[in-house]
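Colleague: Next up is a structure, given as structure tokens.
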Amino acid sequence: MSIEEKGSISIHTENIFPIIKKFLYSDNEIFLRELVSNAVDAVQKIKRLAALGQYNGELGEPLVEVALDEEKKTITISDNGLGMTAEEIKKYINQVAFSGASEFVEKFKDAKDANEIIGKFGLGFYSAFMVADLVEIQTLSYQDGAEPAKWTCDGSTSYEISEGSRTTRGTDIILHINSESEEFLSKQKLGEILDKYGKFLPVPIKFGTTTEQEPDGEDEEGKPKTKSVEADNIINTTNPIWTKAPADLSDQDYLDFYKQLYPFSEDPLFWIHLNVDYPFNLTGVLYFPKVKNDFDMQRNKIKLFSRQVFITDEVKDIVPEFLMLLHGVIDSPDIPLNVSRSFLQADSNVKKINSYITKKVADKLQELFNKDRKGYEEKWSDIGLFVKYGMVSEEKFYDKAKDFALLTNTKNENYTLDEYREKVKDFQTDKNGQVVYIYTNDPAKQDSFIQSANKKDYDVLLMNSPIDNHFISSLEHKLEKTSLKRVDSSVASKLIEKDESTESVLTEEQSKTVKEVFEKAITKPGMHVEVVGLNPEELPVTVTMDEFMRRMKDMAQMGGGMGFYGNMPDNYKVAINGNHKLISRILKSENEEEQKTLAKQAVDLALLAQGMLTGAELTEFVSRSVELI
Ligand code: ADP
Ligand code: MG
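Next comes the structure, spelled out in structure tokens:
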């Protein structure tokens, strides 16, 4: 028979190839992903047909082969899949807009896995023309009595079909690489691309240069010589762990896979195996890494696959923002590919996937917490950042996480939100019924304040991670009748306003005198002196910045648009403890110079305790101290 034919590729646009070349794919290396995916699909389809009893011939070992011929400047992708008849080529290849998969699915729509085999890559085959100026198909269909067929096309809208030369079932796609794309005629380059996209494809991929064993003259002893041949390698793992059932995997399997993905990383803290097939299809393994300070380095480590074909490591929108530091893989044929970001955000599957992942992560954390509280607490310093970030940024996650989020105090004890409230409510409720949580963001610098608070039986929380400013606000917002105050926002006895108060032993007249002495002694701007009656055990002078004022300044510094507060000079409260014996000594002194020196010394000591005494002021303080002793 003769199947020679010339014709035009039926597409509606005048010339689609320039469009493919320029706009469809920004990254032309993906031609290989597309053609190898098609080959893999073809192999899976013949297996499926055999399983359904629609094909009774020999299956053979499923295999896809990529071969490079540097001399001929060709790359050939071969498979022993189902092949195509000339009619099918016309239908599936020539009619660009027609997806071959839809007919396949129609034909076997009762088969359970029909969806899995739908090609999802749209104009996949034609991406070949991004790198080739001539593309040739040699194919032989599995169907009884099928004839081999050949198709060639030079990138214009005309093609040629004729009798082919393939003698076994399957397809060769032969790309004659164009002059601008010669970079792909390198074994190393092709190897890299295959490794990137094909490392976990479900059918073995063999890769090598042409292996014809041509005779190459004779050697000295007259024996025939052959051209040297490079060994072919299977480049992929066909059953990566995310395709298996968690019950069949050991911890070591998960750790090994992690090492395979990120060879230089420390072991992860734990992992979550994702597996859902309704209402969308998604599998994967997400790992919680040990968080380092260099967040940016650790972002974009999740790899997105579609039916084991690598797509991208840009999973923004699919994975909730607060989980972007996770590592691992997600595989879903239900994520639309090659679409714009805004489309992706609006896609309902993507939204569902996003909340599914959030829920799975929350469930896993709750499980770890319930099963092994001690182990969980040990990991808290690493996972706390994720959990707090999640609580701050997602309402739904907050609602779940409030049961396993921990608050850590300066004694390194951990409490859940409920436990903590129970712990502090007796001592730390103010006269208006507000429970006041006291925290430090710098335990070393605020040590004297922490000790004063502890003396009053107040507990102090550690809030020194980068997210804690936001976490504090969201706690205040969420917890009823609760406010948070930094331990240095006022003297210990004023942190929590209660009805009881220590009376000042000073008369009004004496207080006025003390105030004047201190005002004269202080040269630093923005210091507001106040004489208060505190416990005689407390420090004679304490310098504090009001909680509200400090938060406003913090926000302004972070660029919260608080221009007004940002421009305000620092304002501090200088609390003089009227009940301290140093103050009575100042009052008793008749010598104005001595009064001033004592006051200065007391203020500088307070500043020193907070690391606020620097430069010339520090030098002056040191020489004054030397004189005093
Ligand atoms: P999709 O893969 O999304 O269907 P492609 O443009 O990649 O779109 O391929 C179009 C069609 O060509 C395929 O659906 C398939 O029917 C056919 N085809 C492509 N490559 C092969 C191959 N190696 N073996 C058999 N059929 C193929
Ligand atoms: Mg395809």
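Numbering (this note's numbering), first residue to last: -3 to 625.
Don't be surprised by glycine CBs; every beta carbon is placed ideally from N, CA and C.
From a predicted model like this one, the values you see are computed outputs, not experimental measurements.
Count the other CB atoms within 10 Å of the CB of residue 427; is the residue buried (16 or more) or exposed (fewer)?
Modeller: Counting Cβ neighbours within 10 Å, residue 427 comes out exposed, since fewer than 16 surround it.
Colleague: What whole-angstrom Cβ distance do residue 200 and residue 40 have, given they're in contact under 8 Å?
Modeller: About 12 Å separates the two Cβ atoms, so there is no contact after all.
Colleague: Rounded to the nearest angstrom, what separates residue 615 and residue 609 at their Cα positions?
Modeller: So the two alpha carbons sit approximately 9 Å from each other.
Colleague: Identify whether residue 37 lies in helix, strand or coil by the three-state DSSP scheme.
Modeller: Residue 37 falls in the helix class under three-state DSSP.
Colleague: Taking residue 571 as the reference, give the member of 620, 623, 587, 491 with the closest Cα.
Modeller: For residue 571, the nearest C-alpha among the options comes from 491.
Colleague: Verify whether the separation of the beta carbon atoms of residue 406 and residue 458 is less than 7 Å.
Modeller: Yes, Cβ-Cβ distance for residue 406 and residue 458 is below 7 Å.
Colleague: With a threshold of 16 other CB atoms inside 10 Å of the CB of residue 84, please say whether the residue is buried or exposed.
Modeller: Residue 84 comes out buried.
Colleague: With 7 Å as the threshold, decide whether the Cβ of residue 376 is near any Cβ in chain B.
Modeller: The question asks about chain B, but that chain is absent: this structure has only one protein chain.
Colleague: Do residue 517 and residue 595 have their C-beta atoms closer together than 7 Å?
Modeller: Yes, they are a contact pair.
Colleague: Please list the segments of the alpha helix (DSSP H) lying wholly inside the segment 504 to 557, counting only runs of 4 or more residues, in order along the chain.
Modeller: You should have 504 to 517, 543 to 553.
Colleague: Counting pairs of Cβ atoms below 8 Å between the segment 143 to 157 and the segment 23 to 37, do you hit three or more?
Modeller: As far as the Cβ criterion goes, the segment 143 to 157 does not touch the segment 23 to 37, which means the pair count is below three.
Colleague: Who are the near neighbours of residue 74 in its chain, counting only those whose CB is closer than 6 Å to its CB and skipping five residues on each side?
Modeller: 61, 168, listed in sequence order.
Colleague: For residue 116, count the other beta carbons within 10 Å of its own beta carbon; 16 or more makes it buried, fewer makes it exposed. Which is it?
Modeller: For residue 116, the predicted model reports a pLDDT of 37, less than 50, meaning its position is unreliable and no value from the coordinates is stated.
Colleague: Secondary structure at residue 326, three-state DSSP: helix, strand or coil?
Modeller: Here residue 326 sits in strand by DSSP.
Colleague: Does the ligand MG have a heavy atom nearer than 6 Å to the CB of residue 74?
Modeller: No.
Colleague: Which stretch, first to last residue, makes up the beta strand (DSSP E) that contains residue 267?
Modeller: Start and end: 266 to 272.
Colleague: Is the number of C-beta pairs between the segment 380 to 388 and the segment 303 to 319 that are closer than 8 Å three or more?
Modeller: With the cut-off at 8 Å, the segment 380 to 388 and the segment 303 to 319 touch.
Colleague: Whole angstroms is fine: what's the gap from residue 159's alpha carbon to residue 58's?
Modeller: In a straight line, the C-alpha of residue 159 is about 25 Å away from that of residue 58.
Colleague: With hydrogens ignored, establish whether the beta-carbon of residue 437 is closer than 6 Å to any heavy atom of the ligand MG.
Modeller: No - the ligand MG has no heavy atom lying nearer than 6 Å to the Cβ of residue 437.
Colleague: Return helix, strand or coil for residue 248, following the three-state DSSP convention.
Modeller: Helix, per DSSP.
Colleague: Return helix, strand or coil for residue 234, following the three-state DSSP convention.
Modeller: Here residue 234 sits in coil by DSSP.
Colleague: Residue ranges of each beta strand (DSSP E) run of no fewer than 3 residues wholly in the segment 371 to 452, ordered along the chain?
Modeller: Taking only runs of at least 3 residues, the beta strand (DSSP E) segments lying wholly in the segment 371 to 452 are 402 to 404, 410 to 412, 431 to 436.
Colleague: Can you tell me whether residue 477 is buried or exposed? The criterion is at least 16 other CB atoms within 10 Å of its CB, across all chains shown.
Modeller: Burial call: exposed.
Colleague: Count the other C-beta atoms from every protein chain shown that fall within 10 angstroms of the C-beta of residue 274, then say buried if there are 16 or more, exposed otherwise.
Modeller: Label assigned to residue 274: exposed.
Colleague: Let me know if residue 0 comes out buried or exposed under the rule of 16 or more other beta-carbons within 10 Å of its beta-carbon.
Modeller: Flag for residue 0 reads exposed.
Colleague: Return yes when at least one heavy atom of the ligand ADP lies under 6 Å from the C-beta of residue 38, else no.
Modeller: Yes, the Cβ of residue 38 comes within 6 Å of a heavy atom of the ligand ADP.
Colleague: What is the residue span of the alpha helix (DSSP H) that residue 358 lies within?
Modeller: Counting along the chain, the alpha helix (DSSP H) containing residue 358 begins and ends at 344 to 367.
Colleague: Can you tell me whether DSSP reads residue 193 as helix, strand or coil?
Modeller: Of the three classes helix, strand and coil, the one that applies to residue 193 here is helix, per DSSP.
Colleague: For residue 60, which beta-bridge partners are listed by DSSP?
Modeller: Paired residue(s): 75, 201.
Colleague: If you measure from the CB of residue 35, is any heavy atom of the ligand ADP nearer than 6 Å?
Modeller: For the ligand ADP, at least one heavy atom lies less than 6 Å from the Cβ of residue 35.
Colleague: Can you name the start and end residues of the beta strand (DSSP E) that residue 128 belongs to?
Modeller: That run of the beta strand (DSSP E) goes 128 to 136.
Colleague: Leaving out the 5 sequence neighbours to the left and right, which residues in its chain are closer than 6 Å to residue 484 when beta-carbon positions are compared?
Modeller: Only 442, 445, 540 meet the Cβ criterion.
Colleague: Is there at least one non-hydrogen atom of the ligand ADP closer than 6 Å to the beta-carbon of residue 193?
Modeller: Checking the Cβ of residue 193 against the ligand ADP gives no.
Colleague: If you draw a straight line from the alpha carbon of residue 10 to that of residue 462, how long is it in whole angstroms?
Modeller: Below a pLDDT of 50, predicted positions are generally treated as unreliable, and residue 10, at 42, falls in that range; the measurement from the model is reported next regardless. Cα-Cα distance, rounded: 56 Å.
Colleague: Could you give the distance in angstroms between the alpha-carbon of residue 77 and the alpha-carbon of residue 48?
Modeller: When rounded, the distance between both Cα atoms is 15 Å.
Colleague: Within the same chain, show all residues whose beta-carbon is closer than 8 Å to that of residue 138, passing over the 5 residues directly before and after it, in chain order.
Modeller: Taken in chain order, the residues that qualify are 42, 45, 51, 53, 78, 79, 165.
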